[in-house]
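S.K.: Going by this note's numbering, the first residue of the sequence shown is number 3, and it counts up by one from there.
Before I ask anything, here is the structure I am working with.
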Amino acid sequence: MSGSVVGTPVHMAPELLAGDYAAAVDVYAFGILFWYLCAGSVKLPSAFEVFQNKEQLWSKVRKGLRPERLPHFTDACWEVMQSCWHPEPTQRALLGDIQPKLQNILEQSLKEQGDRRPVEMRVETDSDDSLDMTGLDRHGFV
3 MSGSVVGTPV HMAPELLAGD YAAAVDVYAF GILFWYLCAG SVKLPSAFEV
53 FQNKEQLWSK VRKGLRPERL PHFTDACWEV MQSCWHPEPT QRALLGDIQP
103 KLQNILEQSL KEQGDRRPVE MRVETDSDDS LDMTGLDRHG FV
């Protein structure tokens with residue numbers, strides 16, 4: 003398996019194609035999955051539908067292609083997605099920094115629907131890798 007790239011092409015960070023794997027690739031994948039959640043559909047982003055094969059898709063992703071913003075996406079949701087897709091892996095958001103933004107998005111959505119119950123979200127970590135991905139270690143929370 004060494005040297006091969008395995009995964010769902012649409013969810014794969016551009017640097018994976020060069021064999022570079024770090025926590026930032028998971029943040030990128032989260033951004034893609036969050037796009038699907040906000041879209042409310044498992045339909046491929048239109049920007050990705052036009053390609054005949056994964057090589058064509060990957061070529062465009064390496065050049066900066068990302069899913070399109072749908073009209074119903076809030077600014078807050080779009081900002082989270084974009085922060086996960088930053089072209090430079092070291093500049094991508096940390097999941098620990100995204101968590102409070104997600105909580106605010108959820109609370110705002112519930113508020114708009116008339117549900118005013120408080121929402122509690124917790125970040126639980128079990129390994130050093132997860133600490134790196136969440137940013138908890140970098141922010142002095144452990």
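For glycine and all other residues, C-beta sits at the position ideal for the given N, C-alpha and C.
Quick caveat: nothing in here was measured; it's all calculated off a predicted structure.
Leaving aside the five residues before and after Lys56 along the sequence, list all residues of the same chain whose C-beta is less than 8 Å from its C-beta, in chain order.
M.R.: Here the set comprises Pro11.
S.K.: Give every residue of the same chain whose Cβ lies closer than 7 Å to the Cβ of Val27, excluding the five residues on either side of it in the sequence, and list them in chain order.
M.R.: Contacts found: Ala15, Glu17, Leu18.
S.K.: Roughly how many whole angstroms lie between the Cα atoms of Val63 and Leu104?
M.R.: Near 25 Å, if we compare the C-alpha coordinates of Leu104 and Val63.
S.K.: Round the Cβ separation of Pro69 and Pro102 to the nearest angstrom and send it over; I've been treating them as touching at under 8 Å.
M.R.: Pro69 to Pro102, Cβ: 23 Å. No contact.
S.K.: Using the Cβ count rule (16 or more neighbours within 10 Å means buried), how would you classify Ala20?
M.R.: Under this definition Ala20 is an exposed residue.
S.K.: Please name the residue, chosen from Ala31, Trp37, Tyr23, that lies closest to Glu81 on a Cα-to-Cα basis.
M.R.: Minimum Cα distance to Glu81 is reached at Trp37.
S.K.: In its own chain, which residues sit with a C-beta less than 8 Å from the C-beta of Val44, not counting the 5 before and 5 after it?
M.R.: Around Val44: Tyr38.
S.K.: Looking at the secondary structure, which residues open and close the alpha helix (DSSP H) in which Asn106 lies?
M.R.: Segment 97-114, the alpha helix (DSSP H) holding Asn106.
S.K.: Report the rounded CA-to-CA distance for Gln76 versus Ala41, giving the unit in angstroms.
M.R.: Before going further, note that residue 76 is Thr rather than Gln in the sequence given. Computed Cα separation, rounded: 11 Å.
S.K.: Less than 6 Å separating the Cβ of Lys65 from some heavy atom of the ligand ZN?
M.R.: The model on display carries no ligand, and the ligand ZN is accordingly not part of it.
S.K.: What is the DSSP secondary structure of Ala15, reduced to helix, strand or coil?
M.R.: Three-state result, Ala15: coil.
S.K.: So, at 6 Å on beta carbons, what are the nonlocal neighbours of His13 in its own chain, with the 5 sequence-adjacent residues on each side left out?
M.R.: Around His13: Ala31, Ile34.
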